[in-house]
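These protein sequence lines are chains D and W, in that order. When we follow the working numbering, the leftmost residue of the first sequence carries the number 1, and every step to the right adds one. When we follow the working numbering, the leftmost residue of the second sequence carries the number 1, and every step to the right adds one. Virtual Cβ for every residue (Gly too), placed ideally from N, Cα, C. These figures come from a predicted structure and were not determined experimentally.
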Amino acid sequence: MPRPDAEPRHRTRGSDPGPRTTDHGPLGGRHERPDARAKVAGSTRYVGDLSLPGMLHAGVAVAPIASARVLALDTAAARAVDGVEAVVTAAALPGANLVGVIFPDQPLLAADRVRMVGDRLALVAARTPEAAWRAARLVEATLEPLPAVHDPVAALVPGAPLVHDGGNLVRTFQVARGDAGRRSADVVVEALYHVGGQEHAYLEPQGCLAIPEGRSRITIIASCQCPFYVQQAVARVLGLPLAAVRVEQAPTGGGFGGKEDYPSEPAACAAVLAFATGRPVRFVLPRELDMQVSTKRHAMVVRHRWGADRNGRLRFAEVDAVLDAGAYVGISTVVAERANVSAIGPYDVPNVHVRTRIAYTNNLFGGAFRGFGAPQVTWAAEATIDRLARAVGLDPLEFRRRNLLDDHRRRICTGQLLRRPVLARECLDRAATLAGWDEFHARPRAADTATREGMGIALALYGCNLHHGGQRLDRSSAVVILQADGSVVVRVGLTEIGQGNLVACQTIAAQALGVDPTAVQVWQPDTTTVADSGPTVASRGAHASGMAILDAVRRLRTRLDPVAAELLGCRREQVELAAGRARVAGEPDRSVTIAQVAAELAARRIEAIATGWYRSRPRRFDAATGEGEPYEFYAVACHVARVAVDRDLGVVRVEEVSAAHDVGRVIHRDALEGQIQGGVVQGVGWGTTERLALDHGRLVNPSFTDYLIPTFADAPKVNIAIVESDGAGGPFGAKGVGEPALIPAAAAVRNAVVAALGVELDALPLVPPAIVAALGDAHPFAWVAEEEHEHVRSETVAPGR
Amino acid sequence: MDVPVQEVIRPATIAEALAALAEREDARPIAGGTDLMVQLRDGRRRAGRLVDLGRLGLAGIRRTRDAIEVGAATTMDAIAASAEIKRSFPALASAARQVGAWPIQCRATLGGNLANGSPAADTAPPLLIAEASVTIASAAGTRRLRVADLFLGPGRTALTPGELVTSVRLPLDEPAPGERVVERFTKVGPRREQVISVVSLAGRAVIRPDGTFALVRLAFGSVAPVPVRALTAERALAGRRPDAAARRDAARAVQDDIAPIDDVRAPARYRRIAAAVLLDRFLQEAARG
Ligand SMILES: Cc1cc2nc3c(=O)[nH]c(=O)nc-3n(C[C@H](O)[C@H](O)[C@H](O)COP(=O)(O)OP(=O)(O)OC[C@H]3O[C@@H](n4cnc5c(N)ncnc54)[C@H](O)[C@@H]3O)c2cc1C
């Protein structure tokens with residue numbers, strides 16, 4: 001944070017203000033987000049702020065090494081700590097000792113085997129958090145170290161230490177098109193990319209509160225993205241029917257995927273302790289432990305062999321990717337599915353062969369993270385595209401223009417035809433114009449200064465909503481209640497995690513009912529008020545909840561419109577809802593307020609509640625060949641980054657990112673721009689400074705002192721171009737933007753840094769030592785590190801301040 | 001989690017503070033708390049009693065005949081804003097403005113930065129090139145110690161329990177007529193703000209009208225167990241002009257002054273190279289003036 005009197009470095013250039021007149025409704029506008037004030041003022045109550053009479057606090061004892069046999073667990077010292085009410089080990093669990101979302105490979109509590117640092121050994125409930133954590137530290141585990149594997153490629157070599165009995169290869173995804181041969185290419189690029197993981201760095205750590213009712217039912221209040229996942233996990237470990245587990249989403253201070261799969265684990269822990277003690281139990285992870293044990297973005301190793309002809313047309317692309325699942329599958333299969341489809345970007349390539357394998361290792365386990373495997377493969381693809389452009393002597397923009405999918409060439413690698421319009425070219429041109437690509441390249445730049453400037457571009461093709469493989473989850477439920485005073489209650493099954501789902505649902509409901517957004521109250525999801533709506537992931541929040549809201553409004557109007565028609569003296573087909581009124585279509589002067597209609601419904605005791613339902617269109621997809629329609633429709637994004645690199649120190653500053661996004665229709669402009677700005681900054685952080693330093697599977701920088709996310713001082717100026725079109729298929733024609741906002745950012749930065757320095761960089765993140773190492777002997781002081789030095793003391797520089 | 005402290009004492013005089021520190025073995029002074037609170041929470045340091053230095057009148061910058069005295073409880077923000085410091089010790093002002101970010105600068109104190117004993121303490125290199133000393137008080141009396149003798153190892157200083165740093169003395173050193181002074185502080189880190197130095201350099205050069213060094217002092221942070229003066233490099237440059245040959249000799253010589261290791265922030269190789277780059281840039285600036 002700069003001093004308040006300091007000059008602002010830059011302001012974000014906003015896009016047009018959007019429709020203003022109330023008659024158009026709030027769609028596409030900028031009305032105030034309903035959750036904004038409380039969050040900014042600090043009055044929002046997160047899980048850590050909740051407390052109940054008699055409430056206990058949970059702590060957990062975790063394994064300090066990555067691979068071991070559990071020989072003994074001694075909990076006597078932990079039990080003796082003053083204030084401790086319960087210590088639970090695997091033997092004492094009431095239901096299944098299992099929390100895996102997709103594969104049954106992860107125990108809630110390790111019984112005999114440790115597979116990663118952070119595996120839970122015992123749970124503690126105590127009257128204070130201090131007592132709980134002290135007791136957790138006193139759980140004595142006798143562990144016999146076993147061989148471990150930390151490199152996903154090595155894990156797939158026969159003879160590698162086995163993480164699970166069935167072998168380290170979890171699954172392979174493939175897709176092939178044409179014949180991926182070398183024959184018709186004039187230039188061929190081969191490269192091996194090491195793309196690192198990422199910590200979610202949500203502001204609010206993982207937390208939940210479990211409130212038991214005897215041993216028959218339980219309420220969980222959780223910071224989470226997916227209340228229905230939490231419900232299933234808790235029901236399983238307690239051995240309860242789903243109906244006996246009520247999960248309410250607490251206001252959630254950020255998720256980014258980190259609160260998709262992982263919160264089921266702390267919730268199951270708190271639930272077990274609540275049943276063991278009969279008391280409410282709150283479990284909030286301290287930051288360092290949260291960073292150490294929770295899921296991360298998957299690290300990937302991506303091998304490329306791509307070819308183009310001398311006119312700059314792509315001929316073939318071979319991609320061989322390995323995803324480091326870590327010790328448990330979690331949702332790695334779904335991440336790999338998306339990586340597999342996203343591996344060649346929005347390009348028209350006649351011959352494609354993509355293979356994505358998932359490997360178990362003894363590293364921290366990978367989970368959902370904004371982009372879901374797409375950012376990693378996009379980083380690699382866009383690096384290779386730039387290499388090919390250089391090899392054939394074309395400007396990176398021109399090379400892309402020659403290969404982008406468009407309305408005529410719209411078949412992707414799975415054989416699916418994209419819906420028209422295909423807006424890749426449009427996004428590229430808009431982003432390049434915003435960035436001033438031509439002017440930048442026309443300007444002479446000194447090659448001998450300390451700071452080198454560069455500009456880079458990257459695109460992404462994003463499959464909206466869930467993959468075919470997750471289609472059974474792709475449905476959603478909503479409830480709309482018209483109150484007697486004309487105000488409206490909306491309940492949905494998808495969550496607000498900072499991304500703007502509340503304001504999106506509010507806008508959609510207000511638009512559909514013709515009321516002011518302030519008349520609509522959208523409440524936090526609760527599994528007892530709506531049916532299972534699947535997860536809040538895959539940029540599907542506004543889409544899935546919005547479609548269900550529209551369905552509910554349609555059903556509500558079957559009862560509302562006849563009453564309005566009676567009041568107006570017209571036919572029900574003539575009733576139109578707008579500007580807070582029901583009116584006769586074409587005769588705006590004949591109207592009554594919605595409040596009058598609502599009062600009339602109440603007076604006549606007409607059902608003023610309606611449910612709504614959405615499910616995605618069934619699609620054809622062959623998991624064995626990878627052919628078919630993995631996603632319902634697609635969005636394109638293009639980012640152009642301008643960087644300044646201190647070459648000799650290897651320090652990258654991202655000055656500006658220009659982002660063009662194909663969003664269908666805008667629902668709420670501030671929320672949309674916020675998503676784009678946030679996605680860009682998070683992508684820039686991942687690409688430059690956010691390094692997960694793992695030592696034998698242990699995270700050695702589990703704090704914000706050493707895991708460096710961008711601060712406001714590092715946030716680039718973000719220019720935004722919104723590319724709208726009709727017919728996308730979401731509510732009012734909207735497409736998701738949460739993930740596309742991040743996916744190309746790091747790749748654009750990488751290409752900009754390479755342009756600035758003239759050396760290839762094949763590992764993410766681009767931390768200063770990596771850049772200096774890549775310069776090799778070209779660095780003017782490389783020689784100082786090769787010589788002998790007198791003075792090397794054994795004492796170490798401590799990581800502390 | 002809460003910080004495991006039993007009591008906080010807020011004395012009004014230095015004598016009371018020293019008594020409060022002497023009374024309990026596990027008593028510790030606290031100034032801005034920007035290091036200590038973090039360390040107490042994660043268990044790196046313990047304290048049963050905290051003795052708050054906020055009301056002892058230890059904040060302030062005072063000029064004497066031949067020195068500037070900075071009170072130990074003076075904040076980084078006050079140091080960075082001081083015209084006196086900016087004029088005579090610009091490297092210190094610049095370092096103070098680069099500690100964390102502005103909210104931290106408004107709490108973090110000079111005494112805390114030194115007493116914490118980090119090899120990355122940003123004010124240490126500027127104080128080393130100023131040949132500054134600290135005044136230390138305890139129930140037994142006061143003593144003076146050169147900053148160069150204060151740091152013993154990561155997190156370890158020559159302060160003994162019960163001792164307080166009360167002020168830091170920076171001797172004024174006016175150049176002779178015709179001489180130019182170039183003084184800089186630079187730190188390297190992957191972020192613009194809120195970043196612990198991966199390598200830092202403070203340099204002071206006094207240049208004669210003929211372009212040769214009348215004096216050159218160099219000190220580095222984060223390249224050894226303690227902040228270090230680069231005496232070998234200084235000797236390699238003594239009396240010379242900062243031309244290409246001298247700069248190359250200095251880059252080689254400084255490697256013997258530093259002893260970096262691989263840690264989570266950077267490998268030793270990077271620190272060696274970055275130290276050479278910072279030094280080279282400083283010498284080029286000195287040549288240009
Ligand atoms: C977010 C953040 C960013 C930071 N960034 C930087 C940075 O960029 N550069 C940097 O150098 N530091 C940085 N720090 C560390 C810290 O802010 C500085 O070291 C600061 O100067 C410490 O001063 P304080 O007054 O807060 O010390 P405290 O935390 O109050 O005390 C630190 C130690 O010194 C002792 N102590 C304090 N005053 C005295 C005294 N007068 N006599 C004897 N002992 C004393 C205390 O007992 C304690 O052991 C950062 C800290 C944070 C939290």
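Please go through the same chain and pick out, in chain order, the residues whose beta-carbon is closer than 8 Å to the beta-carbon of aspartate 26/W, but skip the five residues on each side of it.
If we look at aspartate 26/W and ignore the five residues flanking it on each side, its Cβ neighbours are Arg46, Ala47, Gly48 and Arg49.
Is there a Cβ from chain W that is less than 8 Å from the Cβ of threonine 705/D?
With a threshold of 8 Å between beta carbons, threonine 705/D makes contact with chain W.
Phenylalanine 781/D versus Gln39/W, Leu164/W, Ala275/W and Pro125/W, residue with shortest Cα-Cα distance:
Selection Gln39/W, Leu164/W, Ala275/W and Pro125/W evaluated against phenylalanine 781/D yields Ala275/W as nearest (Cα-Cα).
Below 8 Å on the Cβ atoms is my guess for valine 684/D versus proline 710/D; work out the distance and round it to an integer in Å.
Distance from valine 684/D to proline 710/D at the Cβ level is roughly 6 Å; contact confirmed, criterion being Cβ atoms closer than 8 Å.
DSSP state of aspartate 777/D, grouped into three classes?
Note: aspartate 777/D maps to helix in three-state DSSP.
For arginine 555/D and alanine 660/D, I'd like the C-alpha separation in whole angstroms.
The alpha-carbon of arginine 555/D is positioned some 37 Å away from that of alanine 660/D.
Range of the contiguous beta strand (DSSP E) that encloses arginine 581/D:
Segment 581-584, the beta strand (DSSP E) holding arginine 581/D.
Could you confirm whether any beta carbon from chain W is found closer than 8 Å to the beta carbon of glutamate 288/D?
Interface residue, yes.
For threonine 21/D, is the classification buried or exposed, using 16 other Cβ atoms within 10 angstroms of its Cβ as the cut-off for buried?
At threonine 21/D the pLDDT is 40, less than 50, meaning the model places this residue with poor confidence; the figure from the coordinates comes in the next sentence. Threonine 21/D comes out exposed.
Should glutamine 6/W be listed as close to ligand 1, given that the test is whether its C-beta is under 7 Å from any heavy atom?
Checking every heavy atom of ligand 1 against the Cβ of glutamine 6/W, none is found closer than 7 Å.
Threonine 212/W to glycine 117/W, Cα distance in whole Å?
The C-alpha of threonine 212/W lies about 35 Å from the C-alpha of glycine 117/W.
Counting contacts by CB-CB distance shorter than 8 Å, is valine 264/W in contact with chain D?
True, the Cβ-Cβ gap to chain D drops below 8 Å.
Comparing alpha-carbon positions, which option in Arg557/D, Ala564/D, Leu364/D and Glu453/D lies nearest alanine 66/D?
It is Leu364/D.
The alpha helix (DSSP H) spanning histidine 441/D covers which residue range?
Here the alpha helix (DSSP H) through histidine 441/D covers 437-442.
What's the call for phenylalanine 283/D, buried or exposed, on a 16-neighbour Cβ count within 10 Å?
Residue burial is scored here from C-beta neighbours: phenylalanine 283/D has at least 16 other C-beta atoms within 10 angstroms and is therefore classed as buried.
Looking only at its own chain, which residues have a Cβ that is under 6 Å from the Cβ of glutamate 163/W, when we skip the five neighbours before and after it?
Within the same chain, Ile136 and Ser138 come within 6 Å of glutamate 163/W by CB-CB distance, once the 5 residues on both sides are set aside.
Name the residues in the segment 631-649 of chain D whose C-beta lies less than 7 Å from a C-beta of chain W; which are they?
Answer in chain order: Asp648 and Leu649.
Start and end residues, alpha helix (DSSP H) containing alanine 478/D:
For alanine 478/D, there is no enclosing alpha helix (DSSP H); the enclosing beta strand (DSSP E) has its first and last residue at 475-482.
In or out: histidine 304/D buried (at least 16 other Cβ within 10 Å) or exposed?
Burial call: buried.
Supposed contact pair valine 87/D and glutamine 135/D - C-beta distance, whole angstroms, cut 8 Å:
Checking the sequence, you will find alanine at residue 135/D rather than glutamine. Contact between alanine 135/D and valine 87/D holds, since their C-beta atoms are separated by about 7 Å, short of 8 Å.
Listing by chain order, which chain W residues have their CB less than 7 Å from the CB of aspartate 813/D?
The shown model of chain D, from 1 to 801, leaves out residue 813/D, and the question about it has no answer.
Kindly indicate which three-state DSSP category isoleucine 61/W falls into: helix, strand or coil?
Residue state, collapsed to three classes: strand.
Report the option in Leu109/D, Tyr634/D, Ala110/D and Thr451/D whose CA atom is closest to the CA atom of serine 342/D.
Checked all of Leu109/D, Tyr634/D, Ala110/D and Thr451/D; the closest Cα to serine 342/D is Tyr634/D.
Give me, in chain order, the residues of the same chain whose beta-carbon lies closer than 8 Å to that of threonine 625/D; leave out the 5 immediate sequence neighbours on both sides.
Here the set comprises Gln174, Val175 and Ala176.
For glutamine 255/W, decide whether its Cβ has a neighbour in chain A, counting only Cβ atoms nearer than 8 Å.
Here chain A cannot be found, since the structure's protein chains are D and W.
Could you tell me how far apart the beta carbons of threonine 295/D and glycine 330/D are, in whole angstroms, since I believe they sit closer than 8 Å?
Here threonine 295/D really is in contact with glycine 330/D; their C-beta atoms are around 6 Å apart, less than 8 Å.
Kindly indicate the opening and closing residues of the alpha helix (DSSP H) around glutamine 682/D.
Per DSSP, glutamine 682/D is one residue of the alpha helix (DSSP H) stretching across 669-688.
Would you call the segment 763-781 of chain D and the segment 660-679 of chain D touching, i.e. three or more CB-CB distances under 8 Å?
The segment 763-781 of chain D makes no contact with the segment 660-679 of chain D; the number of CB pairs closer than 8 Å stays below 3.
Note down, in chain order, each residue of its chain lying with its Cβ closer than 7 Å to the Cβ of leucine 473/D, except the 5 sequence neighbours on either side.
So the list reads Leu466, Gly534 and Pro535, once near-sequence residues are dropped.
For ligand 1, I want to know if threonine 34/W counts as a neighbour, meaning its beta carbon is within less than 7 Å of at least one of the ligand's heavy atoms.
Yes, the beta carbon of threonine 34/W sits closer than 7 Å to at least one heavy atom of ligand 1.
State yes or no: is the C-beta of leucine 53/W nearer than 7 Å to some heavy atom of ligand 2?
With respect to ligand 2, the structure offers nothing, as its ligand set consists of ligand 1.
Is any non-hydrogen atom of ligand 1 found closer than 7 Å to the C-beta of alanine 28/W, if you look at the structure I gave you?
Looking at the sequence provided, one finds arginine at residue 28/W rather than alanine. Set against 7 Å, the gap from the CB of arginine 28/W to the closest heavy atom of ligand 1 is smaller.
Chain D contacts from the segment 239-254 of chain W (Cβ-Cβ distance under 9 Å)
Answer set for the segment 239-254 of chain W: Ala251, Arg252 and Val254.
What's the C-alpha gap between leucine 27/D and glycine 733/D?
Leucine 27/D and glycine 733/D have their alpha carbons spaced roughly 11 Å apart.
Suppose you measure from the CA of phenylalanine 228/D to the CA of serine 216/D; what does that come to, to the nearest Å?
Pairing phenylalanine 228/D with serine 216/D, the inter-Cα distance amounts to about 19 Å.
Does the segment 160-180 of chain W come within contact of the segment 196-203 of chain W, defined as at least 3 CB pairs closer than 8 Å?
Note that the segment 160-180 of chain W does not touch the segment 196-203 of chain W; fewer than 3 beta-carbon pairs, one per stretch, sit closer than 8 Å.
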